[in-house]
Amino acid sequence: MPKIKPNRASPSLDMTPMVDLAFLLVTFFMLTTKFTSDDPVAVDMPKSISEIRLPDSNILTILISKDGRVFYNMDNKIKRAQLIKEIGTKYNINFTPGQVSDFAILSSFGLPIGNLPQFLDATPEERKLIEQPGIPTDSLNNQLADWLVYSRMVNPQLRIAIKGDGAANYPVVKRIINTLQENRISRFNLITNLESGPVAAAQ
Amino acid sequence: MAQINASSAESKRLGKVRRKKTFIHLDMTPMVDLAFLLLTFFMLTTVFSKPQALPLALPDQPADSVLPPVTNAKNVLTFVLGGNNRVYWYAGEDVSGAKLTDYSSAGIRRILLANRENRKLWVFIKPDDASSYQNVVTALDEMAIAAVQHHSLADLGPAERGLVKGKVSSP
Numbered sequence: 000m001p002k003i004k005p006n007r008a009s010p011s012l013d014m015t016p017m018v019d020l021a022f023l024l025v026t027f028f029m030l031t032t033k034f035t036s037d038d039p040v041a042v043d044m045p046k047s048i049s050e051i052r053l054p055d056s057n058i059l060t061i062l063i064s065k066d067g068r069v070f071y072n073m074d075n076k077i078k079r080a081q082l083i084k085e086i087g088t089k090y091n092i093n094f095t096p097g098q099v100s101d102f103a104i105l106s107s108f109g110l111p112i113g114n115l116p117q118f119l120d121a122t123p124e125e126r127k128l129i130e131q132p133g134i135p136t137d138s139l140n141n142q143l144a145d146w147l148v149y150s151r152m153v154n155p156q157l158r159i160a161i162k163g164d165g166a167a168n169y170p171v172v173k174r175i176i177n178t179l180q181e182n183r184i185s186r187f188n189l190i191t192n193l194e195s196g197p198v199a200a201a202q
Numbered sequence: 000m001a002q003i004n005a006s007s008a009e010s011k012r013l014g015k016v017r018r019k020k021t022f023i024h025l026d027m028t029p030m031v032d033l034a035f036l037l038l039t040f041f042m043l044t045t046v047f048s049k050p051q052a053l054p055l056a057l058p059d060q061p062a063d064s065v066l067p068p069v070t071n072a073k074n075v076l077t078f079v080l081g082g083n084n085r086v087y088w089y090a091g092e093d094v095s096g097a098k099l100t101d102y103s104s105a106g107i108r109r110i111l112l113a114n115r116e117n118r119k120l121w122v123f124i125k126p127d128d129a130s131s132y133q134n135v136v137t138a139l140d141e142m143a144i145a146a147v148q149h150h151s152l153a154d155l156g157p158a159e160r161g162l163v164k165g166k167v168s169s170p
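Just so you know, the sequences run in chain order F and C. Going by numbering that gives the first Met the number 0, the residue at position 134 of the first sequence is 133; the numbering climbs one at a time, nothing skipped. Going by numbering that gives the first Met the number 0, the residue at position 10 of the second sequence is 9; the numbering climbs one at a time, nothing skipped.
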C-alpha cells in the first residue's frame, strides 16, 4: 500500500476581507471619536427634550456634583495657559512654567486657588486621590466669579455651560446662576441628556 | 488569498521556463492584531451620545432705578417647585388657592396646554431650596414642550414659602 502523503501545506485562511473591515472600522472610530473627558466626579445629567447640540469649541463648563461641589473646566490649551497666568497675578501666586503647562492639559478641577500649585505639582495618579472640595462660590470669597471674568477676558467667544447632576440641590445652582448674572452673563446652556418616549405621547 | 504571486512577471520574461509555483507568504497576523487592538481602543473610548444643551436666557439684572415690567395678573401662572418632586401652582395672585401637581405629562403640561390660547401668558418658575436641579430642568423643559413664550425663574415670596413648608391643599 502506498503511504498517504500528509498534506504539509498549512491551512491558509484568507484574512483579507476581515482586515479590510477591521481597518475600515478603525478609520471610522478614529475620525469620529471624541474622548470621554475624565471628570473628577461622575455627573448624572438631567434629561430634557432639547436637541440642540453643544458646540465643540470655546466652551466653559461648570460642573456641579451631586453633593454640591463646583468644578471648573475650559477647553483650549493656549487660552488655559493664559488664564492661569492672569489669575495668578490677581491672587499673587506665581505659577512655574511646569505648573502652567500642567494646568493647560488638566480637565475639570474644583479647588480653592490657594491649593492649586500643590495640586499641579502632584502626578496625575496622585491627583485622582486628592479630595477636591470644590471651587468656593459663597459671596465673601467667590472665586468662581474670578475664574469666569478672567476666562472671558482671555477668550471673549466663550460660551458658558452648566453641567449639573440632576440630584444636586437647587441652592447651589441658584448661587451659580446668580454669579453668572452678576457678571452679566445672562445666556448660558444647561447640559442635559436627551429624553425619549414621553414627548411623543404628549403630542 | 493573502499572498503575492511573484512568479508571473518572471515567467513572462523567461518564456517557456516552467512556471514557478512559489508564493510569497505575507503573515498578516501582527497587523490584524494591531488593527483589532486599535479598533477595541477606539470603540471603548468613543462617546456617541453627545450632550444636548438646554439654552437658558435670563433677563439682565436691571439697575435699581428701573422698575421691572408690570404684567397683568390674569396672564400669570406660577409654579412653585418644592421638595420631594412636589409642584404647587396657582393662577394670578391667588397663592392660597394653590394646587398640588406633578412633573408627569398629566401635570404641568396639562395646565400649560389648557392655557395655550393665551398668547400673553407669563409663567414663573419658583424653585424652593428643597427642590433639585432635575426639577428645575424638567420644569424648563415643560415650557419648551408647551412652547410657552414667556417664562422666567424667580425667587419665592413669603406666601409661597409658607405654601411649600406647610399646608398642602388637595389637587
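Cβ atoms here follow ideal geometry from the backbone N, Cα and C, with glycine treated the same way. Quantities reported herein were computed from a predicted structural model and do not represent experimental measurements.
query = Hey, is S49(F)'s beta-carbon within less than 8 Å of any beta-carbon in chain C?
reply = Chain C contact via Cβ: present.
Using DSSP with H/G/I as helix, E/B as strand and the rest coil, what is P157(C)? helix
Exercise. For the segment 25-99 of chain C, list the beta strand (DSSP E) runs that are entirely contained and at least 3 residues long, ordered along the chain.
Key: 51-56, 75-80, 86-90
- Residues of the segment 180-192 of chain F with a CB closer than 8 Å to any CB of chain C: list them in chain order, please. Q180, E181, R183, S185, R186, F187, N188, L189, I190, T191, N192
Could you check whether S100(F) and A80(F) sit closer than 8 Å to each other, using their CB atoms as the reference points?
yes
task: With 7 Å as the C-beta to C-beta threshold (strictly closer), list the residues of the segment 138-154 of chain C near chain F in chain order.
output: Within the segment 138-154 of chain C, the residues whose Cβ lies closer than 7 Å to some Cβ of chain F are D140, A143, I144, listed in chain order.
| request: Taking only beta-carbon positions, decide if D59(C) is within less than 8 Å of chain F. | output: yes
| query | When the Cβ atoms of the segment 146-153 of chain C are set against those of the segment 47-63 of chain F, are three or more pairs found closer than 8 Å? | reply | No, the segment 146-153 of chain C does not touch the segment 47-63 of chain F.
Practice problem: Would you please state the rounded distance, in angstroms, between the beta carbons of G109(F) and G133(F)? I believe it to be under 8 Å. | Solution: Contact between G109(F) and G133(F) holds, since their C-beta atoms are separated by about 4 Å, short of 8 Å.
- Item | Cα-Cα separation, M142(C) to L143(F) | 29 Å
Notebook entry, point to check: Taking DSSP as the reference, what is the three-state secondary structure of S7(C)?
Noted result: For S7(C), the pLDDT reaches just 49, beneath the cut-off of 50, and the residue's location in the model is therefore unreliable, although a value from the coordinates is still provided. Of the three classes helix, strand and coil, the one that applies to S7(C) here is helix, per DSSP.
Handout entry: Candidates S103(C), G82(C), Y102(C), F123(C), of which the one nearest V90(C) by Cα
Key = Rather than Val, the amino acid found at residue 90(C) in this sequence is Ala. Closest option to A90(C), Cα to Cα, is F123(C).
- [ ] Verify the CB distance criterion: does F70(F) have a CB-CB separation below 8 Å to chain C?
- [x] Interface criterion not met: the Cβ of F70(F) is under 8 Å from no Cβ in chain C.
Using the C-alpha atoms, what's the distance from D43(F) back to S185(F)? Each residue's alpha carbon lies about 24 Å from the other.
Suppose you measure from the CA of I190(F) to the CA of T15(F); what does that come to, to the nearest Å?
44 Å
ask   = The alpha helix (DSSP H) spanning Y90(F) covers which residue range?
value = Per DSSP, Y90(F) belongs to no alpha helix (DSSP H) and is neither H nor E.
| said: So, at 6 Å on beta carbons, what are the nonlocal neighbours of L193(F) in its own chain, with the 5 sequence-adjacent residues on each side left out? | reply: none
Beta carbon of T137(C), beta carbon of Y102(C): below 8 Å? yes
TODO: May I ask you to report which of helix, strand or coil DSSP gives S49(F)?
DONE: coil
Taking A138(C) as part of the alpha helix (DSSP H), name the residues at either end of that continuous run.
Unbroken alpha helix (DSSP H) run through A138(C): 132-144.
Practice item. Compare the C-beta of V135(C) against all C-beta atoms of chain F and say whether one is closer than 8 Å. Key: yes
Practice item. On a CA-only basis, which of F22(C), K125(C), N134(C), K164(C) is nearest V79(C)? Give me that one, please. Key: K125(C)
Original post:
Quick one: what's K125(C) bridged to in DSSP?
Top reply: V79(C)
Residue ranges of each beta strand (DSSP E) within the segment 91-163 of chain F, 3 or longer: 158-163
*Determine the DSSP secondary structure at T60(F), reduced to helix, strand or coil.*
strand
Query - CA-to-CA distance, V40(F) to G97(F), given in whole angstroms - result: 25 Å
Note to self: Could you compute how far the alpha carbon of I112(F) sits from the alpha carbon of I86(F)?
What the structure shows: 9 Å
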